[in-house]
Amino acid sequence: MHREDLEGTVRGIMENYESGDVFFTRPDRHFPSRKKVIEIVKDVRTIMFPRYFIDDMAACSNLEYFAGSMLDRVGDALFVQVREALLFRDSETLSFHAAEGEARRITKTFLARIPYLQSMLLKDVQAAFDGDPAAQSKEEIIFCYPGFFAITVYRIAHELYLLRVPLIPRIMTEYAHQGTGVDLNAGAQVGEYFFIDHATGVVIGETTRIGDHVKIYQGVTLGALSTRGGQKLSGVKRHPTIEDNVTIYSNASVLGGQTVVGEGSIIAGSAFVTESVPPNSRVSVRGQEVNVRQSAKKDPSSYEI
């Protein structure tokens with residue numbers, strides 16, 4: 126390939142760079158690093174569950190030193206990424222000095238919340254252990270369960286969402302989404318003892334509210350009835366409210382900002398719910414029949430391959 130053969134292509138790319146507002150081609154354009162944000166998630170998880178994800182003997186020999194040094198590391202990294210995210214959003218109105226001050230405040234507030242996050246996740250571990258007879262230990266849940274990993278990342282991201290940090294919470298939850306198949310928006314409000322069993326295909330929208338002791342299975346959608354309004358719907362409650370002690374089985378959809386699933390209810394698999402459900406209800410699906418017809422035994426050599 127000769128250089129002159131590429132001149133037209135390069136010229137077209139340059140025109141797109143200049144006409145679009147989504148390109149980071151200006152040297153003064155600020156934006157957080159996806160790689161660094163993911164490293165922060167991993168470090169916070171390591172603080173909360175030492176030696177699960179890195180074999181660091183300091184976590185055994187001197188826990189206080191380990192926690193302190195890891196917090197220093199997270200704080201330094203988070204401060205930079207939050208500053209860049211704030212400048213990304215408010216570069217026209219926010220000075221570099223003001224962004225640093227706000228990033229320092231946010232970082233300090235977030236670090237102070239880590240013991241709370243840890244206690245919430247321990248409750249989520251308990252919910253998974255109590256709710257899954259296949260779980261052989263709580264350690265197995267922390268090590269292996271994709272649903273618990275998605276909840277861990279969500280709880281970290283949610284704290285930053287509440288602090289109005291742009292972009293970073295989404296980077297975090299999409300990192301979990303890619304690895305688990307759970308699309309759990311950082312803006313959702315999730316109570317204690319939350320369990321996502323099997324994980325894959327779960328979607329939980331930004332304005333969803335979930336109470337305590339809620340269990341959902343794979344393929345569940347807690348979504349909006351319609352998003353045709355686009356940005357006009359920003360800030361409007363579009364997703365359902367799930368009250369305490371609710372179980373939602375696989376592939377069920379509960380949609381709409383005014384939809385409330387009452388406390389103690391059970392939603393059957395594949396149900397499609399767009400209206401509120403009273404407390405202690407059982408929502409089932411009618412009209413689905415399973416027919417089994419047994420044919421004569423065949424010679425195995427006649428099976429199609």
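Quick note on this note's numbering: the sequence shown kicks off at 126 and runs consecutively. No residue lacks a Cβ here, since even glycine has one placed at the ideal position from N, Cα and C. For clarity, every value in this text was computed on a predicted model and none was experimentally measured.
Cβ pair residue i, residue j closer than 7 Å
{"i": "residue 400", "j": "residue 387", "result": "no"}
{"i": "residue 408", "j": "residue 392", "result": "yes"}
{"i": "residue 166", "j": "residue 199", "result": "no"}
{"i": "residue 278", "j": "residue 252", "result": "no"}
{"i": "residue 255", "j": "residue 276", "result": "no"}
{"i": "residue 236", "j": "residue 292", "result": "no"}
{"i": "residue 232", "j": "residue 274", "result": "no"}
{"i": "residue 313", "j": "residue 294", "result": "no"}
{"i": "residue 173", "j": "residue 261", "result": "no"}
{"i": "residue 364", "j": "residue 332", "result": "yes"}
{"i": "residue 339", "j": "residue 371", "result": "yes"}
{"i": "residue 376", "j": "residue 389", "result": "no"}
{"i": "residue 159", "j": "residue 281", "result": "no"}
{"i": "residue 325", "j": "residue 303", "result": "no"}
Among the options, the one whose alpha carbon lies nearest that of residue i
{"i": "residue 378", "options": "333, 267, 337 and 348", "result": "348"}
{"i": "residue 402", "options": "250, 381 and 411", "result": "381"}
{"i": "residue 373", "options": "186, 323, 241 and 136", "result": "323"}
{"i": "residue 350", "options": "398, 148, 340 and 389", "result": "398"}
{"i": "residue 227", "options": "209, 262, 240 and 217", "result": "209"}
{"i": "residue 336", "options": "284, 385 and 286", "result": "385"}
{"i": "residue 215", "options": "297, 156 and 303", "result": "156"}
{"i": "residue 177", "options": "223, 202, 204 and 266", "result": "266"}
{"i": "residue 162", "options": "298, 342, 307 and 141", "result": "298"}
{"i": "residue 334", "options": "321, 342 and 316", "result": "316"}
{"i": "residue 149", "options": "213, 131 and 230", "result": "213"}
{"i": "residue 73", "options": "405, 211, 422 and 259", "result": "The question about residue 73 has no answer here: the residues shown for the chain are numbered 126 through 430."}
{"i": "residue 207", "options": "230, 192, 217 and 188", "result": "230"}
{"i": "residue 394", "options": "341, 355 and 356", "result": "341"}
{"i": "residue 366", "options": "355, 354 and 383", "result": "383"}
Backbone CA spacing between residue i and residue j [nearest angstrom]
{"i": "residue 411", "j": "residue 245", "result": "38 Å"}
{"i": "residue 345", "j": "residue 154", "result": "39 Å"}
{"i": "residue 190", "j": "residue 268", "result": "24 Å"}
{"i": "residue 270", "j": "residue 264", "result": "10 Å"}
{"i": "residue 201", "j": "residue 152", "result": "23 Å"}
{"i": "residue 358", "j": "residue 286", "result": "18 Å"}
{"i": "residue 321", "j": "residue 330", "result": "15 Å"}
{"i": "residue 238", "j": "residue 205", "result": "19 Å"}
{"i": "residue 137", "j": "residue 222", "result": "38 Å"}
{"i": "residue 234", "j": "residue 224", "result": "15 Å"}
{"i": "residue 146", "j": "residue 140", "result": "12 Å"}
{"i": "residue 71", "j": "residue 240", "result": "An answer regarding residue 71 cannot be provided, because it is not within the stretch 126 to 430 covered by the chain."}
{"i": "residue 435", "j": "residue 257", "result": "As shown, the chain starts at 126 and ends at 430. That puts residue 435 outside it, with no answer to give."}
{"i": "residue 360", "j": "residue 319", "result": "24 Å"}
{"i": "residue 142", "j": "residue 171", "result": "40 Å"}
C-beta neighbour in chain C for residue i, strict 7 Å
{"i": "residue 132", "result": "Any reference to chain C falls outside this structure, which holds one protein chain only."}
For residue i, the residue or residues it bridges with in DSSP
{"i": "residue 341", "result": "321 and 373"}
{"i": "residue 213", "result": "None; residue 213 has no bridge partner."}
{"i": "residue 197", "result": "Per DSSP, none; premise fails for residue 197."}
{"i": "residue 392", "result": "373 and 408"}
{"i": "residue 334", "result": "314 and 366"}
{"i": "residue 379", "result": "347 and 398"}
{"i": "residue 329", "result": "309 and 347"}
Contact test: residue i Cβ vs the ligand ADP heavy atom, cutoff 6 Å
{"i": "residue 335", "result": "The ligand ADP is not among the ligands present in this structure, which contains no ligands whatsoever."}
Inset, instruction - Please specify which runs of the alpha helix (DSSP H), each continuous and at least 4 residues long, are wholly inside the region 225-276, giving them in chain order. - result: 239-256 and 263-269
Legend entry - Whole alpha helix (DSSP H) elements within the region 126-207, 4-residue minimum: 132-144, 159-173 and 183-186
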